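As structure tokens, the structure follows; a few thoughts come after it.
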Amino acid sequence: MKLFILIFFLLDIVYGDSNFPSILIFNEFDSKVIDQEKLELSNFFPTKDFIIGDDVKPFSSSVDSMSNPASGRMSIIRKLGKDLDIDYVLFHKINKDSNRFYLEGQMFRTESGGMIHRRIVDITNYYKGHINELKLWVGDVFNEIDKEWVEYRKMVLFQNPEDIIQEKTPEGAMVRSLMVPGWGQFYSDKPTSGKVWAGIEASLITTILVSYIGYNNSVKGFKSNTSLYEGSSEQIEFTEYRNQVDIEWKKHKDYNSAMIYSAITAGTLWALNGVHAYIVGPRPKKDIIQKWDKIFLK
Amino acid sequence: MANINFLIVFLIYILFSSCEVYDKELDNPNDNIANEELGVYPPSLVFFPKQQTKTMSDSVRIGAYIVFSDSSNQSFSATHLKIEFDNSMLQIDSLAPGWIGPGSMTDSNNTTPLFTHSVNQGILDIYAYYLSITETSIDSLTHIAEIWFKPLATGESTIQYDTSQCEIINNDEVIIDIKGTRSASILIQ
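Shown next as structure tokens:
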């Protein structure tokens, strides 16, 4: 039995995998930085093997569109792990959203094929952010994070939030929406909800105005038919005028109710629109990114 | 911004000024529905219009009517109306027979009703006889007479029926009970 165990360990040493975990890195963005990345990573993690992948096509589709993002690329990852004899696959890409750039990273374990980490970081003003994030990625997986990397990431955050001057405020949004429904939402860059609020209020105000016109016409009809009724001695005439008075009286009551209920609804929604504008009003994000210091770049 | 403020003020004005629900108070002495709401039940003797304002140079015109129930198919042959008025303010100018029976001033055979009247110190007696023997039923609203007064002095005067002396007689010469009357008010300015 001891002989078998000894032979097993010898075979494992001779034919087994390297003890160094290996990571296959795919970068969808700039290929020029690849060698630099590999060099820097190797310096910081001398006990890890880094392989740079070149074909990012298997990762071109969005994981968010998959029914299960964590296991969506399971077969490809397993195959890569088997073919290239690697332990992890790290895929990096940069997404542009209006004026900001986001670095998205996905870390896969080839043994299971599942995604074990996913991280999206704003790197708009993050100098050499992708290198630092790569180091943090690898360090995070192997629990070898250097505090400097974490501190370096914090440098992109605004250091003095009390100095921030808010050009747009929730209060400003609320005041605007209380003046004109939807204005505060537009002011807060929420045009869809702004259009909805403005549309609802416009519809209700139109209903009030239409009801008002209908009410006025009905009151006029009611008064004129009452006058004609009282001035008529012919049965066929005053019977007809009485019917008209009944019709106009009912209409003026209905229009009046429509006007009141529309006004109550409009008023309530107007106030709610102000509250909504305050809730969705512009606020500083939790982590405010500062503009990178030009002196630092030098 | 001024337009928005104007709109808001306008909407508030609408709300506060236009929320009034009018009462439906219909009163026409010739309308049995209105009379019943006032507790005057048919058959009733009424004047139309119920009130009027005139000047001394105007002629005051007033109609005397019998209002039967809307659903009645009452036989009718004659009436005696005793009308009281203030002869210090009003003077009878002229009279005309009204619509007695189906049709207009006469029945469908154009039979003029037998119509007589007498005036004595603020009392006007009108006698009208419906002479048709084939058409014996009448409309729910029956016009007996149209009376023209000449104003003599300014002030308010009331014209009313003396119900103790008024009579409605059916085709079988049986007196029909008069259940209500309405007077008329005339203001001479």
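Sequences listed follow chains W and U, in order. Residue numbering for the first sequence follows this note's numbering, starting at 939 and increasing by one per position. Residue numbering for the second sequence follows this note's numbering, starting at 117 and increasing by one per position. Ideal Cβ positions, reconstructed from N, Cα and C, are used throughout, including at glycine. None of the values given here were measured: they were computed from a predicted structure.
In this structure, P959 of chain W sits away from Y1064 of chain W, with a CB-CB distance that is not shorter than 8 Å. The shortest C-alpha to C-alpha distance from V1001 of chain W to any of W:V994, W:R1011 and W:D993 is the one to W:R1011. Residue contact check for V125 of chain U against chain W: no CB pair falls below 8 Å. When the alpha-carbon of D278 of chain U is set against those of U:V290, U:V183, U:I242 and U:G155, the nearest one is in U:I242. Judged by DSSP secondary structure, S1141 of chain W falls within the alpha helix (DSSP H) whose first and last residues are P1129 to E1168. Straight across, the Cα-Cα distance linking N1163 of chain W with S187 of chain U is about 24 Å. Cα atoms of S980 of chain W and I1083 of chain W: separation of roughly 14 Å, rounded to the nearest angstrom.
I263 of chain U places its beta carbon less than 8 Å from that of L211 of chain U. Under the three-state reduction of DSSP, L962 of chain W is assigned to strand. In this structure, M1112 of chain W lies near G1212 of chain W, with their beta-carbon atoms less than 8 Å apart. When DSSP states are grouped into helix, strand and coil, Q1044 of chain W belongs to the strand group.
In the DSSP assignment, the residues bridged to S273 of chain U are U:I302.
If you look at E152 of chain U, you'll find it isn't in any beta strand (DSSP E); it sits in the alpha helix (DSSP H) that goes N148 to E153. Counting along the chain, no beta strand (DSSP E) covers E1049 of chain W, and no H or E run does either. Within chain U, no residue has its beta carbon less than 8 Å from that of V1113 of chain W; the closest one is some 12 Å off.
Taking 9 Å as the cut-off between beta carbons, the residues of the region 1157–1177 of chain W near chain U are V1157, F1160, K1161, T1164, Y1167, E1168, G1169, S1170, S1171, E1172, Q1173, F1176 and T1177, in sequence order. The beta carbon of F1029 of chain W sits closer than 6 Å to the beta carbons of F964, F997 and Q1044 from its chain, once the five residues preceding and following it are set aside; these are given in chain order. At least one C-beta of chain U is nearer than 8 Å to the C-beta of K1191 of chain W.
Contact between the region 985–995 of chain W and the region 1038–1056 of chain W is absent: fewer than 3 CB-CB pairs across the two stretches fall below 8 Å.
Per the C-alpha coordinates, the member of U:F192, U:G296 and U:I304 positioned closest to F163 of chain U is U:G296. Residues of chain U with a Cβ closer than 9 Å to the Cβ of N1194 of chain W are, in chain order, S134, C135, E136 and V137. Selection W:G1019, W:A1201, W:D1101 and W:G1067 evaluated against V1088 of chain W yields W:G1067 as nearest (Cα-Cα). Rounded to whole angstroms, the separation of the alpha carbons of A300 of chain U and Q276 of chain U is 7 Å. With contacts defined as CB atoms closer than 8 Å, S273 of chain U and M172 of chain U fail to qualify as a contacting pair.
The region 1140–1155 of chain W and the region 1192–1200 of chain W touch, with no fewer than 3 CB-CB distances between them shorter than 8 Å. In this model, D174 of chain U and D288 of chain U are separated by some 42 Å (Cα to Cα). In terms of CA proximity to N203 of chain U, U:I239 leads the group U:I239, U:K170 and U:T195. Residue pairing by DSSP places P267 of chain U opposite U:L206 in a beta bridge.
Looking at the DSSP output, H1214 of chain W bridges to nothing. Following the DSSP letters along the chain, one finds N1070 of chain W in no beta strand (DSSP E) but inside the alpha helix (DSSP H) bounded by residues G1067 to V1079.
Nearest in C-alpha terms to S1171 of chain W, of all of U:P145, U:E136 and U:F126, is U:P145.
Separation of P1119 of chain W and K140 of chain U (C-alpha to C-alpha, rounded to the nearest whole angstrom) is 39 Å.
Within the DSSP secondary-structure output, P213 of chain U pairs in a beta bridge with U:A261. Residue nearest to G1159 of chain W within the set W:E1186, W:L1166, W:E1139 and W:A1136 is W:E1186 (criterion: CA-CA distance). The beta carbon of L268 of chain U sits closer than 6 Å to the beta carbons of M205 and Q207 from its chain, once the five residues preceding and following it are set aside; these are given in chain order. Assignment of Y138 of chain U by DSSP, reduced to helix, strand and coil, places it in the coil class.
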